[in-house]
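The structure appears right after this line, and notes come after that.
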Amino acid sequence: MPERLLGKWRVTNFQHSLKVFNDSEKSELSKRAKSTTYEFKDDFTVRVTSGFTKSSKTGTWYWDEYREK
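This is the structure we're talking about:
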């Protein structure tokens, strides 16, 4: 298991290459992304929390040891 992944992470930078958004929409997407945190636990659960919408979702994650991702 990748111990470096465990913990609570926050988005600090947001970039995309989609050309369908105007500058205002890009700014909004960036704000939403940067308000998101991901918490990876050693029991293979993950909690994704949006500070923008004040909501969270939980799920599971796995590590592919052969591909190291």
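So for the sequence shown, this note's numbering puts the first residue at -4; every next one is plus one.
Yeah, the Cβ is synthetic: ideal placement off N, Cα and C, and Gly gets one too.
In this text the structure is predicted, and so the values were computed from the model without any measurement.
Going by beta carbons, Thr53 and Thr32 fall outside the 8 Å limit. Beta-bridge partners of Glu34 (DSSP): Lys3, Arg42. Its chain contains Phe35, Phe39, Val41 as the residues whose beta carbon lies nearer than 7 Å to that of Trp56, once the 5 sequence neighbours on both sides are disregarded; these appear in chain order. Counting only the Cα atoms, Lys14 lies some 34 Å from Arg(-1).
For Ser12, no alpha helix (DSSP H) segment is defined, and its DSSP state is neither H nor E.
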